[in-house]
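What follows is one structure encoded as structure tokens, with my remarks underneath.
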Amino acid sequence: MAEQPPDQGRRKVTVPSIAAMKASGELIGMITAYDAVFAALVDQAGVDMILVGDTVGVVVQGRPTTVGVSLDEMIYHVRMVRRAHPKALVVGDLPFGAYQVSVEQAVDNAVSLLKAGAESVKLEGGTAIADRIAAMTRFDIPVVGHIGLTPQSYHRMGGHKVQGRTSGTDAGQREGLIEDAFAVEQAGAFALVIEGVPRDLAAEITRKLSIPTIGIGAGPDCDGQVLVLHDVLGLSDLPLKFVKHYVDLGAQTVAATRQYLAEVKDGTWPDDTHSYH
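The sequence shown lines up with residues 1343 to 1619 when you count with the working numbering.
Right, here's the structure in full:
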């Protein structure tokens, strides 16, 4: 019998499914997608979670940071991903400004993402936004937390800088990040993204929490990993240590376009095979 693609007969991934993966020791694979085409492809590959991330602002829209991404833009991209009908659990990012003003604003905007097709929402921060997470979970909105290097805090952090090191200006952050992790869990989040922290700190948090941790630039000891799809495909050139290009689609796209252009210029495209009669 021929090997079946991972999505054939695959059950829908749910919030309880993700919790069960930590309990069983199965590692969680998450990746970003921002449209129906790529959502269908990564889902066919068998990813557990699709993050419709505000990173769309950087890798698709060309912004320098995620700060300028709007809620309307996130709703638009969540709708596109939902049209792929993925078996993976769809997580929608709440962008900067969509939950900072008040608890009521945070719940209202989270509801908007769920109505657009997200099955859970992600927001950045720890103790400072625990009341937002608690309010969402009271109203049955599944939440993924995000601590460490939080891109929406780019200006305060002075760039994409590792958080929670034991020396230098970050020496006092370690205990604060552990407190943030517990605050997110106690508020009711079902999973936690840990970004840009030393691997030993991520490992410690992972051991102490009952909810799954998903790392990005946080070492191999988390309960799962997430990467930006455009980084995986070689479509971005962000100089981050945790980025790995599994293929160079950027170079392949340039080469294919050059070949097409050359055939147009020398009159060999379209040929008779690609013409109607």
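Beta carbons are placed, not taken as given, at the ideal position from N, Cα and C, and that holds for glycine.
Closest by C-alpha distance to Gly1399, out of Ala1470, Gln1494, Phe1524, Ile1471, is Gln1494.
Of the candidates Glu1546, Ala1598, Ala1430, Glu1546 places its Cα closest to the Cα of Phe1524. Taken through DSSP and simplified to helix, strand or coil, Gly1459 comes out as coil. Beta-bridge annotation (DSSP): Val1394 is paired with Gly1434. Going by beta carbons, Pro1484 and Phe1438 fall outside the 7 Å limit. A Cβ-Cβ distance of about 7 Å is found for the pair Leu1519 and Leu1543, placing them in contact under the 8 Å criterion. In the DSSP assignment, Val1568 falls within the beta strand (DSSP E) that extends over 1566 to 1569. Contact annotation: Ile1556 and Met1363 have beta-carbon atoms that are not nearer than 7 Å. By the C-beta criterion, the region 1447 to 1457 is judged not to be in contact with the region 1375 to 1383, since fewer than 3 inter-stretch pairs fall below 8 Å. In this structure, the straight-line span from the alpha carbon of Tyr1496 to that of Glu1521 is close to 21 Å. Taking all protein chains shown into account, Ser1462 has 16 or more neighbouring C-beta atoms within 10 Å of its C-beta and is therefore buried. For Arg1421, the closest C-alpha among the options Val1411, Leu1436, Lys1457 is that of Lys1457.
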